[in-house]
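Numbering (the UniProt record's numbering), first residue to last: 1 to 396.
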């Protein structure tokens, strides 16, 4: 019998250094695997052979390991097999599209629209990559003049929320570290948060000083009156919105140095995409949408107001065909739509303070009620009479 200085061990089968013993057959176990409880810091290892064993110095008699009794909670967890992690998507991005909200669409046509959305589901993904140059190289540009604006510094309140917005947009490749893109920032613009009407915050960068020192970029913006008259002709309509439209437009490398920002905690970043309020951003958005939807605009199937898009037709089948062309053009160019702001075939919708309703458009009640009040000043009567002569009724 042998003594070992340990507390609680488990012995594993061992052989006496591989030495042959004629009385035991040369391979008899000295100790079998078992649980042994220590007494006063020692355990007893019995000799299971029929002959005495000589234990020499540095002789390996057995191997001991500490054991423990697991808690009940651990044992319960270990007893349950791990659940496999599902890699399939439980829902599609296009599921958030408002399809046939007023039930004016036959079920077979509705199924066709739903299948079309599944086919172009990536167009509605919130994680966009931005314009990929499919219709030609295009970038927004800040056309700076010979004089640079004076520097402004400082970051406003809500630092934690502001930093979170910077981190989110940096993850979407809207911002980059200056050293990562090899640019020396020459001007930083103040940034702050504003509350969204539906909740949450929007990051806003004030480019006012850069705008005062930059050259304007002339471009013919669409006429609102002609746009409303085009939309009024459609019997069926689709209203949608580009997801963070300006962030999907790449920014010219020459403009990066004028579009720096200071984050609350993580240093300087630069815009590598266009942004709302950035000089030339509205011109860039108008030019890009013209290149993407040029034929559809010419044929009168699509109308655009800033980042809002409207598609229309006089039959549901034609509307489906137009919508397929729109989604195909967006997918080819790497541009994304907001699923939550997309409505397919509503009975009526509001557009720039006007109400469209299946082939007609008229001023909203708020606009009409304001105009029906008689002017209080003489100089306002001319405009009031002119409006009454033109009429505030429907445009068909």
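Where is the CB? At the ideal position from N, CA and C, for every residue including glycine. Small disclaimer: the values here were computed from a predicted structure and weren't measured.
Quiz item: Roughly how far, in whole angstroms, is the beta-carbon of residue 274 from the beta-carbon of residue 251, given that I think they are within contact range, below 8 Å?
Solution: One-based indexing of the chain shown puts residue 274 at position 274. One-based indexing of the chain shown puts residue 251 at position 251. That pair is a contact at about 5 Å.
Quiz prompt | Through-space distance from residue 184 to residue 210, alpha-carbon basis | solution = The count along the chain shown starts at 1 and reaches residue 210 at position 210. The count along the chain shown starts at 1 and reaches residue 184 at position 184. Cα-Cα distance, rounded: 16 Å.
Self-check item: 3-residue-minimum beta strand (DSSP E) runs that sit fully inside the stretch 275-354, ordered along the chain
Solution: Assignment of beta strand (DSSP E) within the stretch 275-354, counting only whole runs of 3 or more residues, yields 302-305, 308-313 and 348-351 in chain order.
Quiz item: Going by the CB atoms, is the gap between residue 344 and residue 92 shorter than 8 Å?
Solution: For this step, residue 92 is matched to residue 92 along the chain shown. For this step, residue 344 is matched to residue 344 along the chain shown. For residue 92 and residue 344, no; Cβs fall outside 8 Å.
Quiz item: Which residues bound the alpha helix (DSSP H) around residue 165?
Solution: Position 165 of the chain shown, counted from the start, is the residue given in the question as residue 165. 159-171 is the span of the alpha helix (DSSP H), which, as asked, contains residue 165.
Quiz item: Can you tell me whether DSSP reads residue 35 as helix, strand or coil?
Solution: Position 35 of the chain shown holds residue 35. Strand at residue 35.
Quiz prompt | Rounded C-alpha distance that separates residue 157 from residue 365 | solution = Working through the chain shown from its first residue, we reach residue 157 at position 157. Working through the chain shown from its first residue, we reach residue 365 at position 365. Using only the alpha carbons, I get a separation of about 39 Å.
Quiz item: Tell me the DSSP bridge mates of residue 203?
Solution: By one-based count along the chain shown, residue 203 stands at place 203. DSSP, once it has assigned bridges, lists 193 as partnering residue 203.
Quiz item: Between the Cα of residue 262 and the Cα atoms of 352, 170 and 284, which residue gives the shortest distance?
Solution: As a working note, residue 262 is residue 262 in the chain shown. Checking every option, the nearest Cα to that of residue 262 belongs to 170.
Quiz item: On the three-state DSSP scale, how would you describe residue 145?
Solution: If you number the chain shown from 1, residue 145 lands on position 145. Reduced to three states, the DSSP call for residue 145 is coil.
Quiz item: Given that a residue counts as buried once 16 or more other Cβ atoms are within 10 Å of its Cβ, and exposed if not, what is residue 333?
Solution: Position 333 of the chain shown, counting from 1, holds the residue named residue 333. Looking at its Cβ environment, which holds 16 or more other Cβ atoms inside 10 Å, residue 333 is buried.
Practice problem: Could you name the residues that DSSP lists as bridge partners for residue 241? | Solution: Mapped onto the chain shown, residue 241 falls at position 241. Its beta-bridge partners are 308.
Quiz prompt | Proximity to residue 285 [Cα-Cα], best of 342, 176 and 140 | solution = On the chain shown, residue 285 is found 285 positions in, with the first residue counted as 1. Selected option, being the one with the closest Cα: 140.
Quiz item: Alpha carbon to alpha carbon, what distance is there between residue 37 and residue 76?
Solution: Taking the chain shown and counting its residues from 1, one reaches residue 76 at position 76. Taking the chain shown and counting its residues from 1, one reaches residue 37 at position 37. Note on residue 76: pLDDT 43, under 50, position unreliable in the model; no value is reported.
Exercise. Quick one: residues in its chain with C-beta nearer than 6 Å to the C-beta of residue 278, no 5 flanking neighbours on either side, listed in chain order?
Key: Your numbering for residue 278 matches position 278 in the chain shown. Counting only Cβ-Cβ distances below 6 Å, and skipping sequence neighbours, we find 207.
Quiz item: Can you round the beta-carbon distance between residue 269 and residue 341 to whole angstroms, since I take them to be within the 8 Å contact cut?
Solution: Counted from its first residue, the chain shown places residue 269 at position 269. Counted from its first residue, the chain shown places residue 341 at position 341. Taking the Cβ atoms as the reference, residue 269 lies roughly 28 Å from residue 341, outside the contact range of under 8 Å.
Quiz item: For the putative contact between residue 237 and residue 323, defined by C-beta atoms under 8 Å, what is the C-beta separation to the nearest angstrom?
Solution: One-based indexing of the chain shown puts residue 237 at position 237. One-based indexing of the chain shown puts residue 323 at position 323. At roughly 11 Å, the Cβ-Cβ gap does not stay under 8 Å, so residue 237 and residue 323 are not in contact.
Quiz item: residue 337 and residue 123: beta carbons closer than 8 Å?
Solution: The residue given as residue 337 occupies position 337 in the chain shown. The residue given as residue 123 occupies position 123 in the chain shown. Against a cut-off of 8 Å, the Cβ pair of residue 123 and residue 337 comes out as a contact.
Quiz item: When the Cα atoms are used, what is the spatial distance from residue 265 to residue 163?
Solution: The residue labelled residue 265 in the question sits at position 265 within the chain shown. The residue labelled residue 163 in the question sits at position 163 within the chain shown. If you take the alpha carbons of residue 265 and residue 163, they lie about 7 Å apart.
Quiz prompt | Simplified DSSP assignment, three categories, for residue 43 | solution = Here residue 43 refers to the residue found at position 43 of the chain shown. Reduced to three states, the DSSP call for residue 43 is strand.
Quiz item: Does the stretch 102-121 come close enough to the stretch 190-198 that 3 or more CB-CB pairs lie under 8 Å?
Solution: no
Quiz item: CA-CA distance, residue 106 and residue 318?
Solution: Residue numbering aside, residue 106 sits at position 106 when the chain shown is read from its first letter. Residue numbering aside, residue 318 sits at position 318 when the chain shown is read from its first letter. Each residue's alpha carbon lies about 14 Å from the other.
Quiz item: Just curious, the beta strand (DSSP E) that residue 360 is in, first and last residue?
Solution: Start at 1 with the first residue of the chain shown, and residue 360 comes out as number 360. Segment 360-363, the beta strand (DSSP E) holding residue 360.
Quiz item: Exposed or buried, residue 232, counting other C-beta atoms within 10 Å across all chains shown (16 or more means buried)?
Solution: In the chain shown, residue 232 corresponds to position 232, counting from 1. Residue 232 is buried by the Cβ-count criterion.
Quiz item: If we count the other Cβ atoms within 10 Å of its Cβ and call it buried at 16 or more, is residue 85 buried or exposed?
Solution: The residue given as residue 85 occupies position 85 in the chain shown. Low confidence applies to residue 85: its pLDDT is 47, below 50, so where it sits in the model is not reliable enough to give any reading.
Quiz item: Out of 165, 161, 182 and 213, which has the shortest C-alpha to C-alpha gap to residue 149?
Solution: Here residue 149 corresponds to residue number 149 of the chain shown, with the count starting at 1. It is 213.
Exercise. Taking residue 314 as the reference, give the member of 223, 234 and 348 with the closest Cα.
Key: Numbered from its first residue, the chain shown carries residue 314 at position 314. The shortest C-alpha separation from residue 314 is found at 234.
Quiz item: From residue 136 to residue 291, what does the alpha carbon distance come to, in whole angstroms?
Solution: Sequence index remark: in the chain shown, residue 136 carries index 136 (1-based). Sequence index remark: in the chain shown, residue 291 carries index 291 (1-based). Taking the straight line from one Cα to the other gives about 9 Å.
Quiz item: From 330, 203 and 335, pick the residue whose C-alpha is nearest to that of residue 129; which is it?
Solution: Taking the first residue of the chain shown as 1, we reach residue 129 at position 129. Ranking the options by Cα distance to residue 129, first place goes to 335.
Quiz item: With distances taken between CB atoms, is the gap from residue 352 to residue 228 smaller than 8 Å?
Solution: Looking up residue 352 in the chain shown gives position 352. Looking up residue 228 in the chain shown gives position 228. Against a cut-off of 8 Å, the Cβ pair of residue 228 and residue 352 comes out as a contact.
Practice problem: With DSSP collapsed to three states, give me the class of residue 110. | Solution: Residue numbering aside, residue 110 sits at position 110 when the chain shown is read from its first letter. If DSSP states are grouped into helix, strand and coil, residue 110 belongs with the helices.
Quiz prompt | Those residues which DSSP pairs with residue 356 across a bridge | solution = In the chain shown, residue 356 corresponds to position 356, counting from 1. Residue 356 pairs with 349 and 361.
Quiz prompt | Same chain only: Cβ atoms within 8 Å of residue 138, ignoring 5 sequence neighbours per side | solution = Numbered from 1 along the chain shown, position 138 holds the residue referred to as residue 138. Around residue 138: 131, 249, 250, 284, 287, 288 and 291.
Quiz item: Where does residue 304 land, buried or exposed, given buried means 16+ other C-beta within 10 angstroms?
Solution: Residue mapping note: residue 304 aligns to position 304 of the chain shown, counting from 1. Flag for residue 304 reads buried.
Quiz prompt | Cut-off 7 Å between Cβ atoms - residues of its own chain near residue 325, not counting five sequence neighbours on either side | solution = Position 325 of the chain shown, counting from 1, holds the residue named residue 325. Cβ within range, chain order: 296.
Quiz item: Quick one: what's residue 253 bridged to in DSSP?
Solution: Along the chain shown, read from residue 1 onward, the residue named residue 253 stands at position 253. Paired residues: none, contrary to the question.
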